Amino acid sequence: MFIDARQIDSKTGLMADLCIIGAGAAGITLASELNQAGFSTILLEAGGTEYDDETQAVYEGVTSSNVLPSNYLSASRLRFFGGTTNHWGGHSVVMNSNIFRARPGVPGLEWPIKAEDLRPYYKRAAELLGMRKPVSDRWEPETQSGLLPIERYPAGEEEMRLGPFFFDQIKRSDVRVLLNASVTAINPNPNGKRIDGVRVQTLAGNSFSVRARSFVLAAGAIENARLLLLPTHINKAGIGNDHDLVGRNFSDHLYGQGRLLETRPPWRSKGEAFYTLTPELQDKYAIPELGILRLDENAKTKPGDAIMSAIATLADGGHEPHMANLIFYVETMGAPENRVSLSPKRDPFGNPRSELRFNFTSEMRETYTASTELFARISGQHGIGRVQLSEEPLGGANHHMNTTRMSDDPTRGVVDSNGRVHGVSNLFAAGSSVFPSNGCGNPTFPLIALTARLADHLSAAFRHGDFDG
Ligand SMILES: Cc1cc2nc3c(=O)[nH]c(=O)nc-3n(C[C@H](O)[C@H](O)[C@H](O)COP(=O)(O)OP(=O)(O)OC[C@H]3O[C@@H](n4cnc5c(N)ncnc54)[C@H](O)[C@@H]3O)c2cc1C
Numbered sequence: 099m100f101i102d103a104r105q106i107d108s109k110t111g112l113m114a115d116l117c118i119i120g121a122g123a124a125g126i127t128l129a130s131e132l133n134q135a136g137f138s139t140i141l142l143e144a145g146g147t148e149y150d151d152e153t154q155a156v157y158e159g160v161t162s163s164n165v166l167p168s169n170y171l172s173a174s175r176l177r178f179f180g181g182t183t184n185h186w187g188g189h190s191v192v193m194n195s196n197i198f199r200a201r202p203g204v205p206g207l208e209w210p211i212k213a214e215d216l217r218p219y220y221k222r223a224a225e226l227l228g229m230r231k232p233v234s235d236r237w238e239p240e241t242q243s244g245l246l247p248i249e250r251y252p253a254g255e256e257e258m259r260l261g262p263f264f265f266d267q268i269k270r271s272d273v274r275v276l277l278n279a280s281v282t283a284i285n286p287n288p289n290g291k292r293i294d295g296v297r298v299q300t301l302a303g304n305s306f307s308v309r310a311r312s313f314v315l316a317a318g319a320i321e322n323a324r325l326l327l328l329p330t331h332i333n334k335a336g337i338g339n340d341h342d343l344v345g346r347n348f349s350d351h352l353y354g355q356g357r358l359l360e361t362r363p364p365w366r367s368k369g370e371a372f373y374t375l376t377p378e379l380q381d382k383y384a385i386p387e388l389g390i391l392r393l394d395e396n397a398k399t400k401p402g403d404a405i406m407s408a409i410a411t412l413a414d415g416g417h418e419p420h421m422a423n424l425i426f427y428v429e430t431m432g433a434p435e436n437r438v439s440l441s442p443k444r445d446p447f448g449n450p451r452s453e454l455r456f457n458f459t460s461e462m463r464e465t466y467t468a469s470t471e472l473f474a475r476i477s478g479q480h481g482i483g484r485v486q487l488s489e490e491p492l493g494g495a496n497h498h499m500n501t502t503r504m505s506d507d508p509t510r511g512v513v514d515s516n517g518r519v520h521g522v523s524n525l526f527a528a529g530s531s532v533f534p535s536n537g538c539g540n541p542t543f544p545l546i547a548l549t550a551r552l553a554d555h556l557s558a559a560f561r562h563g564d565f566d567g
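Plus 98 on top of the position in the sequence shown (first one is 1) and you've got this note's numbering.
Here is the structure:
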């Protein structure tokens, strides 16, 4: 059921088993799963069911970056029911099993869980989203070519916007969705080891509190960090921030462009295809993952293409070549100085706005060049085609990640392998903020799978009484 928080008076104290902060991909998934498991759930959503300028403006902040636009904080997120999935592309891919291990190209960024731990939850995620079987990529280079297809699901249709998609189901359910309800403080108990409640404010001016046995931050990777960083009466550095890790290592995938002159018939098929370099190649050259999205459309020709095309035709037995567009998604390695922190500027609730620093470092530039050039070389060697590269990434992919990374070691991560904030018994984080590393694939499908795993963990913990007393 949906409740307008602007109608709730300040004396009201609401109570549930679980309180979720944020109704985007992660929050809606978790609410729907916990409700089915029979636990009372309150879902606090800062916006209404439609976009509005005043609410969206709460997301404004300060961005300092050599690659992201200055309006990134407000333009790359949406603050209403369904969250940023209200304008996502719907591209849904499985996280490559390769990225869960220790890798020379991204040292220190192994996951505390295994790829197999997530496997059953992709099926759940696909069921939740009403998706059919994974796509089988029709662009099939030989396996020896050094490329591996990335497992992916069909891109979403218009109705895949998760707000409208889940609206009726959530409305009919027992989940209490409080709209226009911004969480503006998380209140720990006197020793800081447990969360007693959260403070909710609306732009209409009223405020109230919500108590629960357990709380989950599902407000997106930037807002999850901002909410944890807000000073409390226990700790000026915020919650879960004893090791100054909250907000650090913020990442987005960087994307670049290229063109592929496909020279042999097997590579010249219709349809998109998404590939990465094999783990062997990544290890040999100590590079992170490179996603290679081959688009169906015939790329625009440029001066010089006719000569290149003629040479290719001769070289490849007289077949007429086809020019395809390429998009590269580059995994960015953690850089602690790339971070979300609190700005001196204030939001309408009196809280510090987010400040985001994200620079494309010289190390990232080197790996971008090394991995795209490697792809170009092997394409030539294996007769896939001739590749033209853009020299620099063109920008971010709007994939916010890594601000509350997962590690069982509290000196290396903000949350443990179940998503629980270190040092706090009943506070969890969901979403791509908990990814230790990024791979090269779109983050939402894996974050939904990871959230379904968290739902199982929370259900078991509620049954065992882990949050009581
Ligand atoms: C243009 C664009 C295209 C994209 N395309 C793709 C794609 O094709 N594939 C893909 O995998 N990903 C894509 N993404 C990324 C995708 O949208 C995000 O990964 C996904 O939405 C993250 O889900 P989330 O639930 O963690 O956060 P969000 O979807 O951002 O949801 C967070 C929710 O929390 C609410 N909230 C925030 N703060 C508070 C607060 N203080 N109190 C209460 N509620 C709060 C917000 O209103 C929002 O509803 C795209 C993003 C953009 C911008």
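Ideal Cβ positions, reconstructed from N, Cα and C, are used throughout, including at glycine. From a predicted model like this one, the values you see are computed outputs, not experimental measurements.
- Considering only Met504, Gly521, Gly493, Val522, the residue with the shortest C-alpha distance to Pro167 is Gly493.
- Judged by DSSP in its simplified three-state form, Thr153 adopts helix.
- Within the model, the alpha-carbon separation for Val512 versus Gly478 is close to 44 Å.
- Counting along the chain, Lys443 sits inside no alpha helix (DSSP H); it lies in the beta strand (DSSP E) bounded by residues 437 to 444.
- In this structure Gly432 touches Ser349 by the C-beta definition: roughly 7 Å separates them, less than 8 Å.
- Residue environment for Pro202: exposed (fewer than 16 other C-beta atoms within 10 angstroms of its C-beta).
- Pro434 sits close to Arg346, with the two beta carbons spaced by under 8 Å.
- Taking 3 residues as the shortest admissible run, the region 439 to 513 contains the following complete beta strand (DSSP E) segments, listed from N- to C-terminal end: 450 to 456, 483 to 487.
- Under DSSP, Leu276 forms a beta bridge with Ile101, Leu142.
- For Pro288, no beta strand (DSSP E) encloses it, and the DSSP letter there is neither H nor E.
- The beta carbon of Gly261 lies closer than 6 Å to those of Phe179, Gly180, Asn184 in the same chain, with the five residues before and after it left out.
- In this structure, Ile425 and Gly244 do not form a Cβ contact; the two beta carbons are roughly 19 Å apart against a cut-off of 8 Å.
- Proximity to Ser523 across Ser162, Lys291, His331 peaks at Lys291, based on C-alpha coordinates.
- By the neighbour-count criterion, in which 16 or more other beta carbons inside 10 Å mark a residue as buried, Asp445 falls on the buried side.
- Between Ser531 and Asn500, the beta carbon gap of about 7 Å places them in contact (Cβ cut-off 8 Å).
- Ser460 is the residue among Ser460, Thr542, Val485 whose C-alpha sits nearest the C-alpha of Asn164.
- Between Ile126 and Leu142, the CB-CB gap reaches or exceeds 8 Å.
- Nearest in C-alpha terms to Ala371, of all of Arg503, Thr430, Leu393, is Leu393.
- With a threshold of 7 Å, the Cβ atom of Ala474 does not count as near ligand 1, since no heavy atom of the ligand is closer than that.
- With the rule of 3 Cβ pairs closer than 8 Å, the region 303 to 314 does not count as touching the region 170 to 178.
- Under the Cβ criterion (8 Å, minimum of three pairs), the region 323 to 337 does not count as touching the region 142 to 153.
- The region 449 to 458 makes no contact with the region 374 to 386; the number of CB pairs closer than 8 Å stays below 3.
- Rounded to whole angstroms, the gap between the alpha carbons of Gly521 and His562 is 20 Å.
- Around Glu131, the same chain offers Ala550, Ala553 as residues with beta carbons nearer than 7 Å, after the five sequence neighbours per side are excluded.
- Gly389 is not a Cβ neighbour of Thr470, given a cutoff of 8 Å.
- Burial state of Ala558 is exposed, judged by a 10 Å Cβ sphere holding fewer than 16 other Cβ atoms.
- Taking a C-beta distance under 8 Å as the contact criterion, Ser280 and Val438 do not qualify as a contact pair.
- Ranking Pro232, Asn536, Asn133 by CA distance to the CA of Ser195 puts Asn536 first.
- Listed as beta-bridge partners of Ala114 by DSSP are Ala310.
- The beta carbon of Asp107 sits closer than 8 Å to those of Asn304, Phe306, all from its chain and outside the five residues before and after it, given in chain order.
- Taking the CA atoms as reference points, Lys231 sits about 7 Å from Tyr251.
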